[in-house]
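Q: By the count of our numbering, the sequence shown reaches residue 414 at its end, each step adding exactly one.
What follows is a single structure, and I will ask about it in a moment.
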Amino acid sequence: MSATETPATETTFSLTLSDEQRELRDWAHGFAENVIRPAASEWDEREEFPWPVVQEAAKIGLYGFEGIAQFFADPTGLTMPIINEELFWGDAGIGMSIFGTSLAVAAIFGQGTPEQIGTWIPACYGTADDPAIAAFCASEPNAGSDVSNIRTRARWDEAAGEWVLNGQKAWATNGGIAGVHVVVASVDPELGSRGHAAFVVPPGTPGLTMGAKVRKHGLRASHTADVYLDDCRLPGDCVLGGREKLEERLARVREGGKAKSQAAMATFEASRPTVGSQAVGIARAAYEYALDYAREREQFGRRIIENQAIAFTLADMKLEIDAARLLVWRASWMGRNGIPFENAEGSMSKLKAGEVAVWVTERAIQILGGNGYAREYPVERWHRDAKIYTIFEGTSEIQRLVISRAISGMHIR
Ligand SMILES: Cc1cc2nc3c(=O)[nH]c(=O)nc-3n(C[C@H](O)[C@H](O)[C@H](O)COP(=O)(O)OP(=O)(O)OC[C@H]3O[C@@H](n4cnc5c(N)ncnc54)[C@H](O)[C@@H]3O)c2cc1C
């Protein structure tokens, strides 16, 4: 075959979105533009959970069990990050109020039995007319980056056939206002993180109460709070994966064998690319806004974009956002298709996207000058919102730790 001939084989690699992906993206974008954006400033100022917006998202199927199942069904893995990018382009605080539930859902989906998945995932969302939210509670006051230090204890009460949970959870998104809570607790403290298990706490279970609500720098529409577990009794079948499997796993670990997964880490690993796509959405919002502003604003008799200092910054912003998105899409595709993250590709995507979002939103403030610093303009909010992406779901330092361990095979500290 000569160099000019086109091979007769099918294209095996393409970044062209399918019709369905484009339709879903445009649908999510429409909701972000027409419903989320106009409400963003108000809910940020009120620092309250935006129930009316979540209810509207539920009504059109954007929030709910069927919606999430449809996004996840895409075999390329791209629909989930695409939808997240659009919603968080609208607003991150409201976006997190809509997507915060998915962390609990990821834990149930990743670790639950088919029966648990069938029962509890729909319960996390409630119904289109009466939506509910869910919370994933791993972090504690003394167990943030170091999840192995979790102190919340789960004890099996043989006589009652129940689990009894005691402890304090910190920083839980939707904590205390959720219906379903998924709580990571230690069943055998001597085994560190390998002695952890995740438990579904059904709505209204006595013994689970909300502690202090956190007043935050950004993401203020999203609810974050401590959660207390005080002799919280759960039916025997509430441990994800089932008690029999848990006992087998613990026995294996006690005999010196390997545990296949650790309850909190497995959930975070799976959700990192999606979290990265949220950061990409915030960054894109700020970039687009700054680009429009730079085209309009005049100083020294010319538009500010005509200065290379501004134009090159915008070029770098676009470059970094596209690079971050490609890392997110790669990890999402790998995750959906069961390709192991041998070089911590999930962590890479979240690390890059989080740092890009902070950098891009800070540059956007600079391009808007004084207006960038004023609350009448959205870019200062986007910068506040972006910062969380270098902190939660594993800080940037922890992502670098995960990547450096993966590429070196050594226990880097
Ligand atoms: C708005 C918000 C929502 C959240 N939502 C949830 C949720 O829904 N569920 C949940 O379980 N948790 C949630 N979290 C908790 C979040 O995951 C933790 O805050 C995060 O993991 C960091 O833990 P930490 O705050 O205890 O910081 P620390 O672990 O105390 O870290 C402090 C600093 O030390 C650095 N550091 C720590 N260890 C190392 C190391 N070995 N090497 C280098 N540097 C290190 C960190 O990178 C960081 O810069 C949320 C937090 C926030 C702020």
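Heads up, the beta-carbon is just placed ideally off N, CA and C, and yes, glycines get one too.
Being a predicted model, the structure only gives us computed values, none of them experimental.
Measure the beta-carbon distance from S140 to A171 and round it to whole angstroms, keeping in mind my assumption that it falls under 8 angstroms.
A: Indeed they touch by this definition, with Cβ atoms about 5 angstroms apart.
Q: So which of A173, I178, R152 and A179 has the shortest CA-CA distance to L166?
A: Of A173, I178, R152 and A179, the residue nearest in Cα terms is R152.
Q: Grab me the residues of S409's own chain with a C-beta within less than 6 angstroms of its C-beta, minus the 5 sequence neighbours each way, in chain order.
A: Answer for S409: no residue qualifies.
Q: My guess is that R364 and M318 are in contact by the Cβ rule of under 8 angstroms, so how many angstroms apart are they, rounded?
A: Indeed, because the Cβ distance is near 6 angstroms, the residues count as touching under 8 angstroms.
Q: Let's test the definition: count the other Cβ atoms within 10 Å of the Cβ of M81 and tell me whether it reaches 16, buried, or not, exposed.
A: The residue in question, M81, is buried, as its Cβ has 16 or more Cβ neighbours within 10 Å.
Q: Between the alpha carbons of L63 and A29, how many angstroms are there, rounded?
A: Straight-line Cα distance between these residues: approximately 8 angstroms.
Q: Measure the C-alpha to C-alpha separation of E48 and F342 and round it to an integer number of angstroms.
A: When rounded, the distance between both Cα atoms is 37 angstroms.
Q: Alpha carbons only, please: which of S187, E159 and G205 is nearest the one belonging to G176?
A: Minimum Cα distance to G176 is reached at G205.
Q: What is the rounded straight-line gap between the Cα of A4 and the Cα of K259?
A: In this prediction, A4 scores a pLDDT of 49, lower than 50, which makes its location untrustworthy; the coordinate-derived value is nonetheless stated afterwards. Those two C-alpha atoms are separated by around 52 angstroms.
Q: Got a sec: does ligand 1 put a non-hydrogen atom nearer than 8 angstroms to the Cβ of R414?
A: Under cutoff, so the answer is yes.
Q: Based on the DSSP output, what are the partners of K214 in its beta bridges?
A: A226.
Q: Per DSSP, what are the beta-bridge partners of G127 in this structure?
A: For G127, which the question treats as bridged, DSSP gives the partners P132.
Q: Closer than 6 angstroms by C-beta to K214: which residues in its own chain qualify, once you throw out the five before and the five after it? Chain order, please.
A: Result list for K214: A226, in chain order.
Q: According to DSSP, N85 sits in a beta bridge with which residue or residues?
A: Its beta-bridge partners do not exist; DSSP assigns none.
Q: Have a look at V254 and L192 and give me their C-alpha separation to the nearest angstrom.
A: Taking the straight line from one Cα to the other gives about 8 angstroms.
Q: With DSSP as the reference, please indicate the residues paired to H197 in a beta bridge.
A: For H197, which the question treats as bridged, DSSP gives the partners S187.
Q: For I99, collect the residues of the same chain with a Cβ closer than 8 angstroms to its Cβ; drop the 5 residues on either side in sequence, then sort them by chain order.
A: Hits under 8 angstroms: V54, V55, A58, L63, Y64 and L88.
Q: Kindly indicate which three-state DSSP category P39 falls into: helix, strand or coil?
A: In this structure, P39 counts as helix in the three-state DSSP scheme.
Q: If you draw a straight line from the alpha carbon of G113 to that of W330, how long is it in whole angstroms?
A: Roughly 26 angstroms separates the two Cα atoms.
Q: Among all the DSSP beta bridges, which residues are the ones paired with W360?
A: Beta-bridge pairing links W360 to no other residue.
Q: Measuring alpha carbon to alpha carbon, tell me which residue in M266, A222 and G242 is nearest S149.
A: Looking at the Cα atoms, M266 is the closest of the given residues.
Q: State the start and end residues of the unbroken beta strand (DSSP E) segment that holds D158.
A: Segment R154 to D158, the beta strand (DSSP E) holding D158.
Q: What is the rounded straight-line gap between the Cα of L230 and the Cα of A222?
A: Those two C-alpha atoms are separated by around 25 angstroms.
Q: Select from S272, L235 and V240 the residue whose C-alpha is nearest the C-alpha of N85.
A: Comparing Cα-Cα distances from N85 to each of S272, L235 and V240, the minimum goes to S272.
Q: Would you list the one or two residues that DSSP bridges to R304?
A: Bridge partners of R304: E299.
Q: On the DSSP bridge assignment, give the partners of H384 in chain order.
A: Note: H384 sits in no beta bridge, so no partner.
Q: Measuring alpha carbon to alpha carbon, tell me which of I389, L369 and E163 ends up nearest G237.
A: Checked all of I389, L369 and E163; the closest Cα to G237 is E163.
Q: Rounded to a whole number of angstroms, what is the C-alpha to C-alpha distance between T362 and V181?
A: Cα to Cα, T362 sits roughly 34 angstroms from V181.
Q: Checking the sheet assignment: what are the DSSP bridge partners for G78?
A: According to DSSP, G78 bridges with nothing at all.
Q: When the Cβ atoms of the stretch 390 to 399 are set against those of the stretch 350 to 359, are three or more pairs found closer than 8 angstroms?
A: Yes: the two stretches touch, three or more of their Cβ pairs being nearer than 8 angstroms.
Q: For the beta strand (DSSP E) containing K170, name the first residue and the last one.
A: Unbroken beta strand (DSSP E) run through K170: E163 to T174.
Q: Does the beta carbon of T17 come closer than 9 angstroms to any beta carbon on chain B?
A: Of the protein chains in this structure there is only one, and it is not chain B.
Q: Give the secondary structure of P207 by DSSP, where H, G and I count as helix, E and B as strand, and everything else as coil.
A: If DSSP states are grouped into helix, strand and coil, P207 belongs with coil.
Q: What residue does the alpha helix (DSSP H) around D317 start on, and which one ends it?
A: Per DSSP, D317 belongs to the alpha helix (DSSP H) from Q309 to R337.
Q: Does the beta-carbon of F137, which I'm using as the reference point, lie nearer than 8 angstroms to any heavy atom of ligand 1?
A: Result yes, Cβ under 8 angstroms from ligand 1.
Q: Do you know whose CA, among L402, A295, H197 and E394, lies nearest S370's CA?
A: Reading off the sequence shown, one finds Gly at residue 370, where the question assumed Ser. Checked all of L402, A295, H197 and E394; the closest Cα to G370 is A295.
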